[in-house]
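Q:
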Amino acid sequence: MWKTVPFVTKSISSSSILLAASSLIQQQIRTTYILKRKFPPQLHKKGSPPKKLRSRHYIYDLVEDTNTKKQEDIDVILTTFVEGLGNSGEKIKVKPQFAYNSLLLPGLAVYACPENLEKYKDTLCNKESVEYSSPNALPTIKTLSRITLSVVMNKDHPWVLKPWHVKTSFRKSGYVVPDDAITLPEKPITGPDMGLENKEFYVTVTINNKEKVNVRCRLHHWSTDIIDRIPYTPYFWEEDTEPIYPEFKEVLETLPKKVTKSVNKN
Amino acid sequence: MASNAVQSVKKLGVFERKGLFDKGVGALLPEAYKKFYKEWKLTEPTAVHYIPEVGKWKRDDLTGEAVPIQNIPLPLLYPKEHNRQLWGGEAVIQGFQLRDKHRRRVPHFWFPVLKRSVVYSEVLNKFFSVIVTDRTIQLINANYGFDHYILKTPACDLKSLLALGLKRKILKELEAGCPSYKDDPVIQSQLAEKYNKYLEAYTSDEIDWYGFSFTEACNRIKKQMEEGQQKIAFKHMYRAELIDKLRAAKLEEAMGQSLKSNESGLDPTWLRKMIPFSKKKET
Chain A
1 MWKTVPFVTK
11 SISSSSILLA
21 ASSLIQQQIR
31 TTYILKRKFP
41 PQLHKKGSPP
51 KKLRSRHYIY
61 DLVEDTNTKK
71 QEDIDVILTT
81 FVEGLGNSGE
91 KIKVKPQFAY
101 NSLLLPGLAV
111 YACPENLEKY
121 KDTLCNKESV
131 EYSSPNALPT
141 IKTLSRITLS
151 VVMNKDHPWV
161 LKPWHVKTSF
171 RKSGYVVPDD
181 AITLPEKPIT
191 GPDMGLENKE
201 FYVTVTINNK
211 EKVNVRCRLH
221 HWSTDIIDRI
231 PYTPYFWEED
241 TEPIYPEFKE
251 VLETLPKKVT
261 KSVNKN
Chain B
1 MASNAVQSVK
11 KLGVFERKGL
21 FDKGVGALLP
31 EAYKKFYKEW
41 KLTEPTAVHY
51 IPEVGKWKRD
61 DLTGEAVPIQ
71 NIPLPLLYPK
81 EHNRQLWGGE
91 AVIQGFQLRD
101 KHRRRVPHFW
111 FPVLKRSVVY
121 SEVLNKFFSV
131 IVTDRTIQLI
141 NANYGFDHYI
151 LKTPACDLKS
161 LLALGLKRKI
171 LKELEAGCPS
181 YKDDPVIQSQ
191 LAEKYNKYLE
201 AYTSDEIDWY
211 GFSFTEACNR
221 IKKQMEEGQQ
231 KIAFKHMYRA
241 ELIDKLRAAK
251 LEEAMGQSLK
261 SNESGLDPTW
271 LRKMIPFSKK
281 KET
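If you read the protein sequences in the order shown, they are chains A and B. Going by full-length UniProt numbering, the first sequence opens with residue 1, and the numbers climb by one from there. Going by full-length UniProt numbering, the second sequence opens with residue 1, and the numbers climb by one from there.
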């Protein structure tokens, strides 16, 4: 089939770096059907062309279909901060399809080749360029600023709102927030006061001692006595209400409102 | 030497069929194109669809008999559509499946899985929407970029005319010093540092003739030759010849004539009568 192979390959390898420059490709890549002859063809004499293939030499067995095989993750270096992945200059391991389509083509990352590793070495050490404390900081900020936290307080006994109350409310809605990360507004909120029922205020959550995010909260009262309990309003976050103190209005207006997607009111 | 002599003796008296480059327009093609053609068509491509055995000999497990290893590649098919796509060395395989020992063999085609994706060439500073295979993308990733992949891979593995044409364009762009980044000399120098190692393998003429199919190359050389020749109307040629002959005969009238037709000393009205379709026609 390849009569001039020895001659041609010799001439090419001696004259060009094409075949020699395979140092970057460490191993053979196969992403296709790999077949094997069921009946191997007859041996041919040394130096003579291979013997003619018969029909039986075209019967193949499938060795492997590499299209369905899991591909190995590849290393890329980020050139900007990417939400959920990392800061610029960080080397990350991601799935090859995702890396190619979502990072490399839009220019958010470059290949982790030796030249690029050298080039982006200083970017990571330089702390000034680090924008967020962790890759998940921005997603956390986005989520927390979107929710309306229901803070449920006692209807029968007097209380002053403390960070641990808010922490419990966070835990009930699925967020684990430490006490020291929660900052309450300066003006104390005390109760029980039915005038504050279903009114809004905000708390500030500090993420990794760095990023600060305001969270919209709504005060509710609850009693152990079943008769005294206020009936629960479904979708309370969709109803408009007032802030507890007028000073809160300014901050609350900057926060986005939670929208329930699946509710069909009609 | 001895083997050469044996070869030439074997060839004695054997009619040698004329090859592609021995006859017709093919004979006119330059050495640069022939070199590319050898790299493209006559070099064995990387084994993609089978795993070649390594070594020269292997031993039979049971008998211990030594048998030579001869890797005979699977015959591959390349439909004409593949010339507009990047298959990364994959191909269509026509063959049979033997699904059961007692059943007749069943014809089967193994096709590569194609999908549309985007490739980005840093040198050309362009995005291309092309049909590729998973293998192409993997090769691009393994080579750290499309340009490296195209420039590093020999023509026998690129195979398609699209890939080869892109390779020629990239090489030409590198040779010209990346004019697409005219405004940014920093990037130009970076690209030169990164990719100029690939230029060493080619001469300027070889780059010019890289990546054409045989038909395209023939048409190209024909066109080049036609452009090189100047067309002279026969009447001017014959007229000059006639005047030469007359001068040789030393006719007095001819001595005063110039060889060029437009500077002829003849009366213009007389000449106009002789040329029937001239544009200016006096009544």
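Glycine included, each C-beta is placed from N, C-alpha and C at the ideal position.
Grouping DSSP H, G and I as helix and E and B as strand, with all else coil, what is A/R37?
A: In this structure, A/R37 counts as strand in the three-state DSSP scheme.
Q: Measuring straight from C-alpha to C-alpha, what distance separates A/Y232 and A/V215?
A: Spanning the two alpha carbons is a distance of roughly 22 Å.
Q: Starting from the C-beta of A/Q27, find all residues in its chain whose C-beta is less than 8 Å away, skip the five residues before and the five after it, and write them out in chain order.
A: Note that A/Q27 has pLDDT 48, beneath the 50 cutoff, so the model's placement of it is unreliable and no number is given.
Q: For B/R135, is the classification buried or exposed, using 16 other Cβ atoms within 10 angstroms of its Cβ as the cut-off for buried?
A: Looking at its Cβ environment, which holds 16 or more other Cβ atoms inside 10 Å, B/R135 is buried.
Q: Quick check: B/Y210 and B/D147, are their CB atoms within less than 8 Å of each other?
A: No. Outside cutoff.
Q: For chain A, is any of its Cβ atoms less than 8 Å away from the one on B/Y144?
A: Yes - at least one Cβ of chain A is within 8 Å of the one on B/Y144.
Q: Tell me which residues share the same chain as B/V25 and place their Cβ nearer than 7 Å to its Cβ, disregarding the 5 neighbours each side in the sequence.
A: Here the set comprises C218, I221, K222.
Q: Quick check: is the beta carbon of A/L43 nearer than 8 Å to any beta carbon in chain B?
A: Closer than 8 Å to some Cβ of chain B, the Cβ of A/L43 qualifies, so yes.
Q: Does the separation of the CB atoms of A/P243 and A/E197 fall below 8 Å?
A: Against a cut-off of 8 Å, the Cβ pair of A/E197 and A/P243 comes out as no contact.
Q: Rounded to the nearest angstrom, what separates A/L105 and B/K101 at their Cα positions?
A: Straight-line Cα distance between these residues: approximately 49 Å.
Q: Please report how far the alpha carbon of B/N83 lies from the alpha carbon of B/L77, in whole angstroms.
A: Roughly 12 Å between the two C-alpha positions.
Q: What whole-angstrom Cβ distance do A/K46 and A/I59 have, given they're in contact under 8 Å?
A: Between A/I59 and A/K46 the Cβ distance is about 27 Å, and since that is not below 8 Å, they are no contact.
Q: Tell me the DSSP secondary structure of B/L251 in three-state form.
A: If DSSP states are grouped into helix, strand and coil, B/L251 belongs with coil.
Q: Does the beta carbon of A/L138 come closer than 8 Å to any beta carbon on chain B?
A: By this cut-off, A/L138 is not an interface position.
Q: Would you report the Cα separation of A/Y100 and B/L166, rounded to the nearest angstrom?
A: Each residue's alpha carbon lies about 20 Å from the other.
Q: Can you round the beta-carbon distance between A/S133 and A/I77 to whole angstroms, since I take them to be within the 8 Å contact cut?
A: The Cβ separation is near 20 Å, so there is no contact.
Q: Three-state secondary structure (DSSP) at A/N214?
A: Strand, per DSSP.
Q: Check B/K56 in the structure and name its three-state DSSP category.
A: Note: B/K56 maps to coil in three-state DSSP.
Q: Strictly by DSSP, which residues pair up with A/V205?
A: The partner list for A/V205 (beta bridge, DSSP) reads A/I182, A/V213.
Q: If I measure Cβ to Cβ from A/D252 and keep anything under 7 Å in the same chain, skipping five residues before and after, which residues do I get?
A: Residue identity check: residue 252 of chain A is Leu in the sequence provided, not Asp. The answer, listed in chain order, is E200, Y202, R216, P243.
Q: Hey, A/L144 and A/P188: beta-carbon distance below 8 Å or not?
A: No, the pair does not count as a contact, with Cβ atoms beyond the cut-off.
Q: Write down every uninterrupted run of the beta strand (DSSP E) in the UniProt domain "Ribosomal protein L9" (75-120) of chain A whose length is 3 residues or greater and which is fully enclosed by it, in chain order.
A: Taking only runs of at least 3 residues, the beta strand (DSSP E) segments lying wholly in the UniProt domain "Ribosomal protein L9" (75-120) of chain A are 91-94, 109-111.
Q: Among A/I141, A/E186, A/K142, which has the Cα closest to the Cα of A/P163?
A: Residue A/E186 is the option with its Cα nearest to A/P163.
Q: So what's B/A163 in DSSP terms, helix, strand or just coil?
A: Looking at B/A163 - three-state DSSP - the assignment turns out to be helix.
Q: My output table needs one value for B/R84: the three-state DSSP class, helix, strand or coil.
A: Helix, per DSSP.
Q: Please say whether B/K152 and B/N141 have beta carbons closer to each other than 8 Å?
A: The answer is no: Cβ separation not under 8 Å.
Q: Whole angstroms is fine: what's the gap from B/R116's alpha carbon to B/I137's?
A: Near 11 Å, if we compare the C-alpha coordinates of B/I137 and B/R116.
Q: Suppose you measure from the CA of B/W40 to the CA of A/F98; what does that come to, to the nearest Å?
A: Roughly 33 Å separates the two Cα atoms.
Q: Counting only the same chain and skipping the five closest in sequence on each side, list residues whose C-beta sits under 6 Å from that of B/Q97.
A: Counting only Cβ-Cβ distances below 6 Å, and skipping sequence neighbours, we find V106, H108.
Q: Let me know the beta strand (DSSP E) ranges lying completely inside the segment 88-170 of chain B, each 3 residues or longer, listed in chain order.
A: Counting only runs of 3 or more, we get 93-97, 106-110, 114-121, 126-133.
Q: Run through chain A and tell me which residues come within less than 8 Å of B/I51, C-beta to C-beta.
A: By Cβ distance, chain A contributes I34, K36, V63.
Q: In chain order, what residues of the same chain lie with their CB nearer than 6 Å to the CB of A/K93, ignoring the 5 residues before and after it?
A: The answer, listed in chain order, is D73, D75.
Q: Identify which residue in A/K167, A/I182, A/K258 has its Cα closest to the Cα of residue 267 of chain A.
A: Examination of residue 267 of chain A is not possible in this model, given that chain A is present from 1 through 266 alone.
Q: Could you tell me the distance, in whole angstroms, from the CA atom of B/L161 to the CA atom of B/F36?
A: Looking at the two C-alpha atoms, the distance is approximately 13 Å.
Q: Per DSSP, which residues does A/E64 bridge with? Please list them.
A: The partner list for A/E64 (beta bridge, DSSP) reads A/I34.
Q: What is the rounded straight-line gap between the Cα of A/A137 and the Cα of B/D208?
A: Using only the alpha carbons, I get a separation of about 54 Å.
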